[in-house]
Every structure is written in C-alpha cells, then in structure tokens.
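Below: one structure, written as structure tokens.
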Amino acid sequence: MRIAGCGMRNKNGTRMSRRQALALLTAGPVAAMTWTSAEAEQAHEHAAQARAQAQPSAVYKRRFFTAHEYATVGVLVDLIIPRDERSGSATEAGVPEFMDFMMIDQPRRQVAMRGGLALLDKLSQDRCGKRFVSATDRERRALLDEIAYTSNPDPGLSHAIAFFSSFRDLTATGFFTSKMGVADLHYVGNVFVDEWTGCPDAALKKLGVTY
Amino acid sequence: MQIIRQPKVHDVCIVGSGAGGGMAAKVLCEAGADVVMLEAGPMWDAAKDSKMSAWPYDSPRRGAAMPSKPFGEFDGCLGGWDIDGEPYTQADGSTFDWFRGRMLGGRTNHWGRISLRMGPDDFRRRSLDGLGDDWPIGYDDIKPYYDKLDRLVGIFGSIENLPNEPDGVFLPPPKPRCYELLIKQAADALKITCVANRLSILTRPLNGRPACHYCGQCGRGCATHSNFSSPSVLLPPALATGKLRIVTGAMAREVLTDAAGLATGVSYVNKADRRDYAVRARIVVLAASACETARLLLNSTSGRFPDGLANSSGAVGRNLTDSTGLGVSGHIPKMEHGVAHNEDGASGAHLYMPWWLDNGKLDFPRGYHIELGGGRRMPGFGVLGAIQRFNGVGGYGRSLKDDYRRFYGATVNFAGRGEMIPNPDTYCEIDPNVVDAYGIPVLRFHAKFSDHEVLQAKHMQETFRELIHTMGGTPLTAMPTREQNYGLENVGRIIHEVGTTRMGSDPATSVLNANCQAHDVKNLFVADGGPFVSNAHKNCTWTILALAMRTAEHIALSRNQGTL
Numbered sequence: 355m356r357i358a359g360c361g362m363r364n365k366n367g368t369r370m371s372r373r374q375a376l377a378l379l380t381a382g383p384v385a386a387m388t389w390t391s392a393e394a395e396q397a398h399e400h401a402a403q404a405r406a407q408a409q410p411s412a413v414y415k416r417r418f419f420t421a422h423e424y425a426t427v428g429v430l431v432d433l434i435i436p437r438d439e440r441s442g443s444a445t446e447a448g449v450p451e452f453m454d455f456m457m458i459d460q461p462r463r464q465v466a467m468r469g470g471l472a473l474l475d476k477l478s479q480d481r482c483g484k485r486f487v488s489a490t491d492r493e494r495r496a497l498l499d500e501i502a503y504t505s506n507p508d509p510g511l512s513h514a515i516a517f518f519s520s521f522r523d524l525t526a527t528g529f530f531t532s533k534m535g536v537a538d539l540h541y542v543g544n545v546f547v548d549e550w551t552g553c554p555d556a557a558l559k560k561l562g563v564t565y
Numbered sequence: 002m003q004i005i006r007q008p009k010v011h012d013v014c015i016v017g018s019g020a021g022g023g024m025a026a027k028v029l030c031e032a033g034a035d036v037v038m039l040e041a042g043p044m045w046d047a048a049k050d051s052k053m054s055a056w057p058y059d060s061p062r063r064g065a066a067m068p069s070k071p072f073g074e075f076d077g078c079l080g081g082w083d084i085d086g087e088p089y090t091q092a093d094g095s096t097f098d099w100f101r102g103r104m105l106g107g108r109t110n111h112w113g114r115i116s117l118r119m120g121p122d123d124f125r126r127r128s129l130d131g132l133g134d135d136w137p138i139g140y141d142d143i144k145p146y147y148d149k150l151d152r153l154v155g156i157f158g159s160i161e162n163l164p165n166e167p168d169g170v171f172l173p174p175p176k177p178r179c180y181e182l183l184i185k186q187a188a189d190a191l192k193i194t195c196v197a198n199r200l201s202i203l204t205r206p207l208n209g210r211p212a213c214h215y216c217g218q219c220g221r222g223c224a225t226h227s228n229f230s231s232p233s234v235l236l237p238p239a240l241a242t243g244k245l246r247i248v249t250g251a252m253a254r255e256v257l258t259d260a261a262g263l264a265t266g267v268s269y270v271n272k273a274d275r276r277d278y279a280v281r282a283r284i285v286v287l288a289a290s291a292c293e294t295a296r297l298l299l300n301s302t303s304g305r306f307p308d309g310l311a312n313s314s315g316a317v318g319r320n321l322t323d324s325t326g327l328g329v330s331g332h333i334p335k336m337e338h339g340v341a342h343n344e345d346g347a348s349g350a351h352l353y354m355p356w357w358l359d360n361g362k363l364d365f366p367r368g369y370h371i372e373l374g375g376g377r378r379m380p381g382f383g384v385l386g387a388i389q390r391f392n393g394v395g396g397y398g399r400s401l402k403d404d405y406r407r408f409y410g411a412t413v414n415f416a417g418r419g420e421m422i423p424n425p426d427t428y429c430e431i432d433p434n435v436v437d438a439y440g441i442p443v444l445r446f447h448a449k450f451s452d453h454e455v456l457q458a459k460h461m462q463e464t465f466r467e468l469i470h471t472m473g474g475t476p477l478t479a480m481p482t483r484e485q486n487y488g489l490e491n492v493g494r495i496i497h498e499v500g501t502t503r504m505g506s507d508p509a510t511s512v513l514n515a516n517c518q519a520h521d522v523k524n525l526f527v528a529d530g531g532p533f534v535s536n537a538h539k540n541c542t543w544t545i546l547a548l549a550m551r552t553a554e555h556i557a558l559s560r561n562q563g564t565l
C-alpha cells in the first residue's frame, strides 16, 4: 500500500475538476470540490428561492382549539402584542394559527392551554358575569391587570398568573418568529456575507468597545 | 440465524462514518486499501438536505424541537437522545443521556466545530496529580497529526503560546462581535484569559472548499462545505479513490472472528429488510462512537471470547467519561436597545476562555474552558421567553411590546466544559434483559459524578456570575445548590463521551495498545473516542480525528511492511 497525500486527486494523481469529482460521487454523498465564492453565493440564493416556492398558501385549518377557545386566543394575543407604529398585531402575524399548530405538534401543552383558557373565563365570569370574549375592553384589561404581572402576590391567582406567563411566552414566539416579528426586531442577518469585517462602529460605540 | 454472507473480502471494514470512521476511510483508501464502511443511518448531503438559510417562519413549527430533532427542526443532525426502536437503559439511581447520530457523518453533523488540541499535561495527568491514568502516548506523538489535520480540514485561531493549550496551524480568526469585546473587557478585569476561538470553519478557501459566508448556522449543515463534517471533508476524497463502498442503514450486530481469534468481518442488520448480512474484511476498524463500539465488542461473544471481544481486561465499557457542563445566562443592561446590525458571524463564539488557573490553589483537580454566546441571534422558538426575568413583572400591551424590543439581544451566555475524571461508578454494560428493535442487546448505563466534578461546577457557576456582574448585568437564574450538583448537566449531556476502550501499555487494564490496536485481537482497531485514557476539557473531536489519522497510517504502514 501507498500512503498518498491529502487532497482530491484522480487515479493518475492529477487534481480533479469539480465535474469529475461529482461524477464519481453520484452514488454517495455529493460534495462540491472546487467551489468559488460566487458559486457558494448562488447556492445560497437557490436554497432561498426553493424555500420561497415551497411556502404553503392554503388557509390554515384549526385543529385543536374549539371555536370559542380560538376566539378567546385571538383576543388575548392582541391584548399581549397589539398593533403599534412599528408593526402589526399578533393576530395579523398569524399567532393564533401558530398556537393551534403547536398544540397538535407538542400535545404535552394541551391540558395546560385548555385549562388555562377555562380558568380565564371563570375569573371573567366572577368579575363581570361574562366570559372573556364577551367582556368589554375595559373589563378584559382589568382582569389582565391582575394576572399579567408576576409581581402580583395574590396566592389565589397563582395558577392564572402561571398560565398567562406561559401564554405570553408562546405569543412572543409566534409573533417574533413571524416575518413581521423578525422585521420588528430589526434582525438583519441570515444573508450571504462575503467577508466578515466585524460589527459596525455604531454598535461598538454603543457598548464602549473598539477593535 | 441465517446470515447473508457476501463473498468479497475487503481489506478493511470500518463501522461508523463520523469523525473517526471518515478519517480512517480517507487515509486507508488513499493508501490503496479496499474499504467497506457500515453506517446505521441514511445518506445525507448538506448541499441539498441542509436547512442552512431557513427562516423560522418557513415552518409552522418555527424551528421548535421535535423528538427526532432535539436541537430544533432545522438542525442538521438526525438522531437524538431517544431513537425509535433503539432504547438504552439506566442502572438504579443513574441518569446517563446518550445522544446518537444516525446519518452519514454521524455526530460530525452536530457539533460546535470547537477544535481544541489536548496539551502535553493532558496525556500524563496521573503523573501530575495522581488521579486517573497516563496515556501510553504523549503530545509529541500526536502533534504531527494535529498539524496535518489543521492543514487538511482548516481551523481558525490565534497564536497565543499558552501553557498546555498548544497552538495549531491556524487560518485567521474572525473579528469578535461587539458584545464579545464587552465580555473580554470583563474577563480582562477578572484576569481570565480570553482569546480567539478555535473552530474548524474556513475563514479562507482551503483545499477546494470555499470560505465561510457567515450565516451563523453551522448546526444546520453547511451547504457550501465551509465547516468540517465527515461527509464534507473526509468522505469525498475517500470515495474519489474508487476504493470505498458505503453501506447505509446497516446496524452492526457483532464483530465476527475465526478459530484463531482474529476478526474476519462484521455482521449487521439491514434496516430496510431487517435481515442479517455479513461483510468480510482482513482488518476491522470500529468507529461507531465510544459507547456503540463498546456495545458491539461486548455483544461479540464466542467460546473463545465469552466476555466480549477484546475484553480480557474487563475494561470494555469502563473508564467512561463525558465533559462536565453547565451554563449561565445574564441580562446585560448595556446591551439593551442594541444597534441593528448583522452579527451572525461564524457559527459559535469568535472568542473563548481557555483554562487559566493553577489547581494548586483550588479545591478541585483539572480544569474547564468557557464558551460564549449571546447577542442578536436569529429569532427562533422560545425567543424572548420569560420576559419577567428582564422587566421584573411580565405585563402585556404596548409597553410589553416595547420591552421585547428593548431586551432583544441584551443577553450573554457562558457555558463551561470541563474535565471529568474516570471513576469506577461510571460505565456501560450490556443490559441482560433488553434488546433493540433489531434484536441486538442494548447498553445499560451507570453514571455518577464525584466531588471533583461537583466542586468544579461550583467554580464555574461563581465565575460565570462574576463575569455577568462585572459586565453590569444580572444572572437570569438563581445559583443552584450543592444538592443540585451546582447545575451540572447529566453525564452524557455534553455529548463528549469517551474512554470505553481505553489505550494502555498493560493488557490487564486496557483494551488497546498505543496504536489503538486491540491487545487481544491484532487485526482489530478502534478509531472513535473509545481509546481516550482521560477526557481533557478540550472537546474530543479534534483528538478523535488526529488519533484516527495516526491509527489508519499505522494500519497502512503495517500492511505495507507485512506485519499485519
């Protein structure tokens, strides 16, 4: 046996072209051998295009929530993340659809969600004689002022506060992972960067650091 | 049982296609050997299968974890802690978490590309502190292979001349992110060494692979092969020789032996038709991962080897360690209302903190390094969760929405990865009652930390909290108690398990000799993390690769000289 050097060479010991290499590898893993930066960027764009074309366009069909629960969810998520000058509301970002999907995808969440919404209605009934969706905006906010703050020490509301915290977390994920939410946070990555040159001066200055 | 035997006798059969298997295949094929490789998972090609540039909203799941994708649905590693049909069990009172890759390239598709060399002291710890054992080789034996590895695979870093943290052949490191500079300020104030990270990600084109394009998503699989994985770097040149045959969906059952006690090949279950097959080979190289290799050997029993193959020492499955690990996150007010900019960078931190202290002044032996994170990451499932940890109350409405904007990116994370010392209570063995879906007896784990690891964890916690406080921030979790092992993750959780077929010069206490060749079976070698005698805090992959290269070159040379 002979111990050869590293690198991609053919049987004659000469350097292989990418085409030769690909032809050899079709039965196995297809690895690119001589990518240029431009080719890599092109691959990145192709992947992005393929993804865009694969977007589902069909209207989402509710699978977990009842009609009443779904209406409650819609009201609640928009109270948590309302429309403002910078972006739309949670329902405009598709948060109720996301929540319904996650209840099916992660069934361990189902009981706490269903029970939490039932508890919300119970508390609303106690306070104004109406279920949460039927309450006025003022009545809804009065209830949230009690259960949306983990600083509320009332032991009688601990379950509602825990439910609301968890519901708020799922709302935040639903909103800030939507296209609208990613833009709202001014996340500007996930792009092809030819040469990493570090963070811009404004960002360095803000933290009081320099290169 | 009827086994479908294939008539061809290969030069070498390699079990596993990850770091060790891939390297062995590359070296042996290029040396002219005819190699068959068994891989339990399917083919996977990052160029077309990777979700590298996916946005969270490309999926209704928004990147959340799934049972088959514990690190998120876009993650590039198939496998996980729980695999359908492939259970493992725990001895009473033990909790060992076993992450397995099931795909071409194995767990090289998973890791963080942190590529640290072990240093001279790491090979002779018993001589230095009386704990564990020395390796039968030293740094000088492995250094040439680390050097060749750096040049072949590509790694960025900076020349630092630090004690016991050998420099490599480095590509230029990427500039730190702005918050990493802020972390470095705190580290400098606390006299903690903080230098450029050492990652096997290309900052310059190398050997036909393009440089990184800084999308920060190495974990999803790099479609341009700009980071290291076995299928991106090692398997293509092996396949190009025309000498490598890869059999996927092949779950190895046992190593076959002849009357003389030599290995003759490997039997496996083809997952597609669930029948048993056997490949024949003159040399067998096991690179199935430390624990799978131990399982395979322990399941390879015969009249001649009643306790399993290569196990006359009883050391197979013993000496099992993982890295210690825990993490602390902090809210840093200075980072609030951050300036919008793209700081994806290379995946993982651009800086890290190697071990910097003298154990003579501490209440635990050995050390750990610190990995960093934080900043303006791509929003994913769980983003901005538990906002009450930041604003103190939670809340709702317009002010909450503004809080989310204010606190996005205002977090740093510190993760410790430290050395666990082998102990007699941590090992794996065959469960006498349980088989997997292919009828192969499974592993039962015993796992226990000693005070060495628990006291090290306490030190990590205190250090990370001090760093956060020095940055003017607040830790997001309370300090765990002694009863909680100070937050130490379960053994196995860091996915650095090694040591189950350790090397040594004494066949009575070790499985392999200094060439990773079984003492008991001269044509049987191990090329994964199994041969490690100790588990320095250096994240094992780079040493697995260097050792596998050394082992494979030894095999080629021995065959050339007619001694094997």
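Line by line, the protein sequences are chains A and B.
All letters in the first sequence, in the order written, are residues 355 to 565 by my numbering.
All letters in the second sequence, in the order written, are residues 2 to 565 by my numbering.
Just so it is clear, CB atoms sit at the ideal spot from N, CA and C, and this is done for glycine as well.
Below 7 Å CB to CB, which residues in the same chain sit around residue 1(B) once its five sequence neighbours on both sides are set aside? It is not possible to answer for residue 1(B), since the shown part of chain B is limited to 2 through 565.
In whole angstroms, give me the CA-to-CA distance for residue 555(A) and residue 562(A). The count along the first sequence starts at 1 and reaches residue 555(A) at position 201. The count along the first sequence starts at 1 and reaches residue 562(A) at position 208. Answer to the nearest angstrom: the Cα atoms are 10 Å apart.
Look at residue 327(B) and residue 198(B) and say whether their C-beta atoms are less than 7 Å apart. By one-based count along the second sequence, residue 327(B) stands at place 326. By one-based count along the second sequence, residue 198(B) stands at place 197. No. Outside cutoff.
Less than 7 Å between the C-beta atoms of residue 321(B) and residue 256(B), yes or no? Position 320 of the second sequence, counted from the first residue, corresponds to residue 321(B). Position 255 of the second sequence, counted from the first residue, corresponds to residue 256(B). Not a contact, by the Cβ cut-off of 7 Å.
Spatial distance of residue 156(B) from residue 117(B) (CA atoms): Reading the second sequence from its first residue, position 155 is the one you call residue 156(B). Reading the second sequence from its first residue, position 116 is the one you call residue 117(B). Taking the straight line from one Cα to the other gives about 10 Å.
Can you pull the chain B residues whose beta carbon is under 7 Å from the beta carbon of residue 540(A), in chain order? Within the first sequence, numbered from 1, the residue matching residue 540(A) stands at position 186. Under the 7 Å cutoff, chain B gives 341.
Residue from 49(B), 206(B), 481(B), 476(B) whose Cα sits closest to the Cα of residue 459(B): Counted from its first residue, the second sequence places residue 459(B) at position 458. Residue 481(B) is the option with its Cα nearest to residue 459(B).
Counting only Cβ-Cβ distances shorter than 9 Å, please list the residues of the segment 407-420 of chain B near chain A, keeping chain order. 409, 410
Does the distance from the C-beta atom of residue 454(A) to that of residue 443(A) stay below 7 Å? Locating residue 454(A) in the first sequence gives position 100, counting from the first residue. Locating residue 443(A) in the first sequence gives position 89, counting from the first residue. No, the Cβ-Cβ distance between residue 454(A) and residue 443(A) is not below 7 Å.
Can you confirm whether the segment 215-233 of chain B touches the segment 335-352 of chain B when touching is taken to mean that 3 or more C-beta pairs between the two stretches lie within less than 8 Å? yes
Run through the DSSP bridge pairs and tell me what residue 331(B) is partnered with. Counting from one through the second sequence, the residue named residue 331(B) turns up at place 330. In the DSSP output, where bridge partners are listed per residue, residue 331(B) has 413(B), 476(B).
Which residues of chain A have a Cβ atom closer than 8 Å to the Cβ of residue 382(B), listed in chain order? Working through the second sequence from its first residue, we reach residue 382(B) at position 381. Those within 8 Å of residue 382(B) in chain A are 527, 531.
What residues of chain B sit near residue 304(A), judged by a beta carbon separation below 7 Å? There is simply no residue 304(A) to check, as chain A begins at 355 and stops at 565 in what is shown.
Based on the DSSP output, what are the partners of residue 157(B) in its beta bridges? Taking the second sequence and counting its residues from 1, one reaches residue 157(B) at position 156. Bridge partners of residue 157(B): 172(B), 200(B).
CB contact check: residue 428(A) to chain C, cutoff 7 Å: The question asks about chain C, but that chain is absent: this structure's protein chains are A and B.
Top-ranked residue by Cα proximity to residue 445(A), from 558(A), 565(A), 535(A): As a working mapping, residue 445(A) is identified with position 91 in the first sequence. Closest option to residue 445(A), Cα to Cα, is 535(A).
Anyone know if the C-beta pair for residue 558(A) and residue 514(A) falls short of 7 Å? As a first step, residue 558(A) is located in the first sequence; it is residue number 204 there, counting from the start. As a first step, residue 514(A) is located in the first sequence; it is residue number 160 there, counting from the start. For residue 558(A) and residue 514(A), no; Cβs fall outside 7 Å.
Identify the contact partners of residue 545(A) in chain B, using a Cβ-Cβ distance below 9 Å as the criterion. The residue given as residue 545(A) occupies position 191 in the first sequence. 54, 214, 215, 216, 343, 345, listed in chain order.
Please report how far the alpha carbon of residue 229(B) lies from the alpha carbon of residue 151(B), in whole angstroms. In the second sequence, residue 229(B) corresponds to position 228, counting from 1. In the second sequence, residue 151(B) corresponds to position 150, counting from 1. One C-alpha to the other measures close to 11 Å.
In terms of DSSP beta bridges, what is residue 10(B) paired with? Reading the second sequence from its first residue, position 9 is the one you call residue 10(B). DSSP, once it has assigned bridges, lists 281(B) as partnering residue 10(B).
Can you pull the chain B residues whose beta carbon is under 7 Å from the beta carbon of residue 438(A), in chain order? For the purposes of this step, residue 438(A) is taken as residue 84 along the first sequence, with counting starting at 1. Per Cβ cutoff of 7 Å: 399, 402.
By the three-class DSSP mapping on this structure, what secondary structure does residue 512(A) have? If you number the first sequence from 1, residue 512(A) lands on position 158. Of the three classes helix, strand and coil, the one that applies to residue 512(A) here is helix, per DSSP.
Report yes or no: do three or more beta-carbon pairs, one from the segment 109-125 of chain B and one from the segment 462-476 of chain B, lie closer than 8 Å? no
Helix, strand or coil for residue 291(B), going by three-state DSSP, please let me know. Taking the first residue of the second sequence as 1, we reach residue 291(B) at position 290. Three-state result, residue 291(B): helix.
Cβ of residue 63(B) less than 7 Å from any chain A Cβ? On the second sequence, residue 63(B) is found 62 positions in, with the first residue counted as 1. At least one chain A Cβ lies under 7 Å of residue 63(B).
Let me check you understand the geometry: is the CB of residue 206(B) closer than 6 Å to at least one non-hydrogen atom of the ligand MN? Annotation note on the ligand MN: not contained in the displayed structure, which lists no ligands.
Alpha-carbon to alpha-carbon, residue 245(B) and residue 99(B): Along the second sequence, one-based indexing puts residue 99(B) at 98. Along the second sequence, one-based indexing puts residue 245(B) at 244. The straight-line gap from Cα to Cα measures roughly 29 Å.
Using only the alpha-carbon positions, how far apart do residue 533(A) and residue 403(B) sit? Locating residue 533(A) in the first sequence gives position 179, where the first residue counts as 1. Locating residue 403(B) in the second sequence gives position 402, where the first residue counts as 1. Approximately 18 Å between the Cα atoms of the pair.
Could you give the C-beta distance for residue 254(B) and residue 269(B), rounded to a whole number, given that I count them as a contact under 8 Å? Residue 254(B) sits at position 253 when you count from the first residue of the second sequence. Residue 269(B) sits at position 268 when you count from the first residue of the second sequence. Right, the Cβ-Cβ distance comes to about 6 Å (below 8 Å), so this counts as a contact.
Between which two residues does the alpha helix (DSSP H) holding residue 434(A) run? Counted from its first residue, the first sequence places residue 434(A) at position 80. Start and end: 421-434.
Considering only their Cβ atoms, is the gap separating residue 324(B) from residue 497(B) smaller than 7 Å? Position 496 of the second sequence holds residue 497(B). Position 323 of the second sequence holds residue 324(B). Yes.
What in chain B is Cβ-close to residue 522(A), meaning under 8 Å? Working through the first sequence from its first residue, we reach residue 522(A) at position 168. What residue 522(A) touches in chain B: 388, 395, 397, 401.
Using a Cβ cut-off of 9 Å, which residues of the segment 184-198 of chain B contact any Cβ in chain A, in chain order? 185, 186
Could you have a look at residue 268(B) and say whether DSSP puts it in helix, strand or coil? Position 267 of the second sequence, counted from the start, is the residue given in the question as residue 268(B). Strand at residue 268(B).
Are residue 90(B) and residue 317(B) touching if we call contact CB-CB under 7 Å? Here residue 90(B) refers to the residue found at position 89 when the second sequence is read from its first residue. Here residue 317(B) refers to the residue found at position 316 when the second sequence is read from its first residue. Going by C-beta atoms, residue 90(B) is not nearer than 7 Å to residue 317(B).
Alpha-carbon spacing of residue 415(A) relative to residue 221(B), whole angstroms: Position 61 of the first sequence, counted from the start, is the residue given in the question as residue 415(A). Position 220 of the second sequence, counted from the start, is the residue given in the question as residue 221(B). Spanning the two alpha carbons is a distance of roughly 30 Å.
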